[in-house]
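Notes follow once the structure below has been shown.
Residue numbers (the numbering used here): 391 to 754.
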């Protein structure tokens, strides 16, 4: 009993018995935890950026081609583009279908010295571009052409597949087409002597140039369609061909001489026409003068004739079968008297007897 009384009583405020709490993390552990959290957030951001890296807006003058593991899967025009990120899908931007591209046709290196002489060198006063090629025309002449092709992309998938081959293919197509077109035309279809005085000739020259360019354009587009039908499309369409023609250096001197001779001939023809017109005007003026004088003389002669025939007409009105003899005798005596009064002397000879009488006349 004494042991029971001597033992201490349990306290109501005593803590429960259990494992001690873990100690709080130290500063190093907290830094490591914060670092891991930052790595997780950065990784999530990078993952979001990577997933949305091929989500972009295509401009209005641009179109896109989507390649999945190097294979073209689709093409898209302007607007919002959704694609898987690299390296799953790759987006290649191309000019839009309405955007025009230009390409200067390159020059083939001459294969002989004669070919080199045809395309140059030109004089310093001749601004001739370097990208020119020689072509043979149907009349046996040589013309140098410098051309620029204006085209647009009408099939982005085909263009993306053949992009590295488009420029040399267009060069070869233009050369082949130009050889065919120039072989069927004359040099005058490319270079003619202009006549500044004939506007109709200038209009004909402009129409001829447009016809040649249209023929080249249609032929090139037909060849492109043939390639597309054969399974090798380039994905482009030629819109316009800007072409300038030149003469070879050896022929330019002769051509300039022809131009000078033509100009001199035109001047001579113009002067001859001016002189002929002047002579024609002088002849017309002289003709008018002669005609006026002749008409005046004729009017005077007619008037005199009318005056001279007036008495005869009066006698004709007075004449009757009974008075005819007396009227004639009266007029005869009047005229004879007037004639004798106007002469100085009169010799009368009787044809039967040969007697001659000299009668004095009246003084004037």
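For every residue, glycine included, the Cβ atom is placed at its ideal position computed from N, Cα and C.
All figures in this text were calculated on a predicted structure; none of them were measured in a lab.
Fewer than three beta-carbon pairs drawn from the segment 643-658 and the segment 546-565 are found closer than 8 angstroms, and the two stretches are therefore not classed as touching. Residue 441 and residue 553 have their C-alpha atoms roughly 28 angstroms apart. Leaving aside the five residues that flank residue 697 on each side, none in its chain has a CB nearer than 8 angstroms to its CB. In the assembly as shown, residue 665 is an exposed residue. Its beta-carbon has fewer than 16 other beta-carbons within 10 Å.
The beta carbons of residue 471 and residue 448 sit about 5 angstroms from each other, so the pair counts as a contact at 8 angstroms.
Under DSSP, residue 633 shares a beta bridge with 537. Taking C-alpha positions only, residue 638 is separated from residue 533 by approximately 7 angstroms. Here the alpha carbons of residue 531 and residue 641 stand approximately 10 angstroms from one another. Within the DSSP bridge table, the entry for residue 480 names 457 as partners. In the DSSP annotation of this structure, residue 447 is not part of any alpha helix (DSSP H); the continuous beta strand (DSSP E) holding it starts and ends at 446-448.
Residue burial is scored here from C-beta neighbours: residue 453 has at least 16 other C-beta atoms within 10 angstroms and is therefore classed as buried.
Sixteen is the threshold: since fewer than 16 other Cβ atoms of the shown chains lie within 10 Å of the Cβ of residue 426, the residue is exposed. By the neighbour-count criterion, in which 16 or more other beta carbons inside 10 Å mark a residue as buried, residue 651 falls on the exposed side. Residue environment: residue 614 is assigned as buried (16 or more neighbouring CB atoms within 10 Å of its CB, all protein chains considered). DSSP places residue 546 in the helix class (H, G or I) of the three-state scheme.
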